[in-house]
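Before any comments, here is the structure.
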Amino acid sequence: MSYFKNVSKIQFEGAGSKNPLAFKHYNENEVVNGKTMKEHLRFAVAYWHTLTMDGSDPFGKSVMVRPWETVSGLDLAKTRVEVNFEFLEKLGAPYYCFHDRDIAPEGSSLKETNENLDVIVGKLKEGMKQTGVKLLWNTANMFSNPRFVHGAATTSNADVFAYAAAQVKKGLETAVELGSENYVFWGGREGYESLLNTDMGLELDNLARFFNMAIDYAKEIGYTGQFLIEPKPKEPTTHQYDFDAATTIAFLQKYNLDKHFKLNLEANHATLAGHTFEHELRVARINNMLGSVDANQGDPLLGWDTDEFPTDIYSVTLAMYEILENGGIGSGGVNFDAKVRRGSFAPEDLFYSHIAGMDTFAKGLKVASKLIEDKFFENLLAERYASFKTGIGADIVAGKANFKTLEAYALAQTGEIQNKSNHLELTKAQINEYLYNTK
Ligand code: XUL
Ligand code: CO
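According to the UniProt record's numbering, the sequence shown is numbered sequentially starting from 1.
Below you can see the structure in the form of structure tokens.
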């Protein structure tokens, strides 16, 4: 049974190819910076956007009724597993990601819901064995069901906290069963609408308690995958506790959780936080907390999470630079947390969009690699910060200076301090040359 009869395995045809169902830049076996593109990029497809998203929005109903959606409930869930593996194989993406509720419908009790999950997890395991596709990460959807109206681990209702714990317990068991390389926590409704009725101290303490329980249970069942937290500043709540990379790292450090987690950083979440994607990656990198990325892009003119496919080569190049400087993405990957626009409702748009994203990342990887090979940023920074290499600057860096020695130094100087231009526009023009000319 084939669900994409008009699409065969996507091949690399090279720059200049006009075939919409071919890669122009992503050549999985091509070696860049010492590793193949496949090893660098570790692409993953998001189950929720590719298999279950139906194109509905607050103003209109579903427009993406897929040809295979002729059944419902658990039968539809089973069909989607088959579609998933055909899609992944034809695209040549080595990984996928899901929320528990993407893959199987909820039953009338937690027990029944878990039984539904077991059926689908069994089928996924079979598909993974047959295709060699792997699970980059799984997570728990603790935001869609009405029970999570006041949050999950940060809810005001202890019964909901218990339910959320049971859900993550099952999620970790699923991670073991499917060999998931990471487990993600995105705090869907972990935040507040109004401080007027919020005990922020208790909610944050409870969130830390919840994470500690997850760490303990993972240890108990022998789950060794990487725990990831995905920051986002707002939406659905007015203020989400994992606002951005810096806030999340401070939270983890306060509760001594930092050694157990890394961050899964999403481009559109960075935009919502008023940051660039590369800013978020840099904050994580310098704190040794860069774990994985959710690849997408937002519309800077809109204030919500549009989850568009990443085609902005400038932003992706700078993101890939951070990843390369990090020494790679480790057990993480590049997960397309991205959805086709409502108007792109044809099944083949699922291929066009992923190809666009994969080609953008492949090209970004090449440009970033060339920038590193040429020591572009290394030389620029060495020159800009040269004053910290000798004399008083070297003393500051070595911890040999204090306010008294610095005052004595400043008093001994004659004339005005001299600063140098940083030639930022020249830097931008030079980066453009790399973007135009890297083959
Ligand atoms: C929501 C979002 C989630 C997480 C996983 O904005 O990004 O899909 O990636 O829960
Ligand atoms: Co995401």
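Ideal Cβ positions, reconstructed from N, Cα and C, are used throughout, including at glycine.
Only a predicted model underlies this, so the values are computations on that prediction, with no experimental measurement involved.
With a threshold of 8 Å, establish whether the CB of H269 neighbours any heavy atom of the ligand CO.
yes
In this structure, how does DSSP classify I229 when only helix, strand and coil are distinguished?
strand
Would you say K389 lies against chain C (beta-carbon separation less than 9 Å)?
This model lacks chain C altogether, as it is built from one protein chain only.
Using a threshold of 8 Å, is the CB atom of D75 nearer than that to any non-hydrogen atom of the ligand CO?
no
Residue environment, N84, which counts as buried when at least 16 other CB atoms sit within 10 Å
buried
Any heavy atom of the ligand CO closer than 8 Å to the CB of D294?
yes
Using the C-alpha atoms, what's the distance from W304 back to N268?
9 Å
Roughly how many whole angstroms lie between the Cα atoms of L91 and K389?
49 Å
Less than 8 Å between C-beta atoms, sequence neighbours within five positions excluded: which residues of the same chain meet that for I392?
A401, L406, Y409
Hey, would you say the C-beta of W137 is under 8 Å away from at least one heavy atom of the ligand CO?
no
Using DSSP's beta-bridge definition, name the partner residues of H239.
Y192
Where the beta strand (DSSP E) through S72 begins and ends:
No beta strand (DSSP E) holds S72; DSSP gives it neither H nor E.
Which of helix, strand or coil does DSSP assign to E425?
helix
Can you find a heavy atom of the ligand CO that lies under 8 Å from the Cβ of E308?
no
Taking only the alpha-carbon atoms, compute the straight-line gap between K169 and Y217 and give it to the nearest angstrom.
7 Å
Ignore the nearest five residues each way along the sequence and tell me which others in F210's own chain have a CB closer than 6 Å to its CB.
A153
Taking the CB atoms as reference points, tell me whether V283 and A319 lie closer together than 9 Å.
no
So is the beta-carbon of W68 under 8 Å away from any non-hydrogen atom of the ligand XUL?
no
Do G274 and P233 have their beta-carbon atoms positioned less than 9 Å apart in this structure?
yes
Cα-Cα, which of A93, A164, D54 is closest to L28?
At residue 28 the sequence reads Glu, which differs from the Leu that was named. Checking every option, the nearest Cα to that of E28 belongs to A93.
Let me make sure I understand the geometry here. Which of L257, I372, H260, D349 has the alpha-carbon closest to that of V32?
I372
List the DSSP bridge partners of V133.
Per DSSP, none; premise fails for V133.
Quick check for students: name the residue ranges of the alpha helix (DSSP H) that lie wholly in the stretch 295 to 341, counting only runs of 4 or more.
313 to 325
CA nearest to the CA of H239, picked from L228, M200, I221, Y255
M200
Relative to the C-alpha of P105, which residue among C97, Y95, E220, V121 is closest?
V121
For T271 and Y192, the rounded distance between their alpha carbons:
20 Å
Selection from K262, E173, T224, F185 that minimises the alpha carbon distance to D118:
E173
T155 versus N6 - alpha carbon distance
47 Å
Contact the stretch 55 to 68 vs the stretch 339 to 352: 3+ CB pairs below 8 Å
yes
When you compare the CB positions of A208 and Q167, do they come within less than 9 Å of one another, or not?
no
Could you have a look at Q167 and say whether DSSP puts it in helix, strand or coil?
helix
Could you give the distance in angstroms between the alpha-carbon of T306 and the alpha-carbon of G60?
16 Å
Below 8 Å CB to CB, which residues in the same chain sit around N379 once its five sequence neighbours on both sides are set aside?
none
Given this structure, state the Cα-to-Cα distance separating A250 from L257, to the nearest angstrom.
10 Å
For F23, list the residues DSSP reports as bridge partners.
F12
Rounded to the nearest angstrom, how far is the Cβ of A295 from that of N335, given a contact under 8 Å?
6 Å
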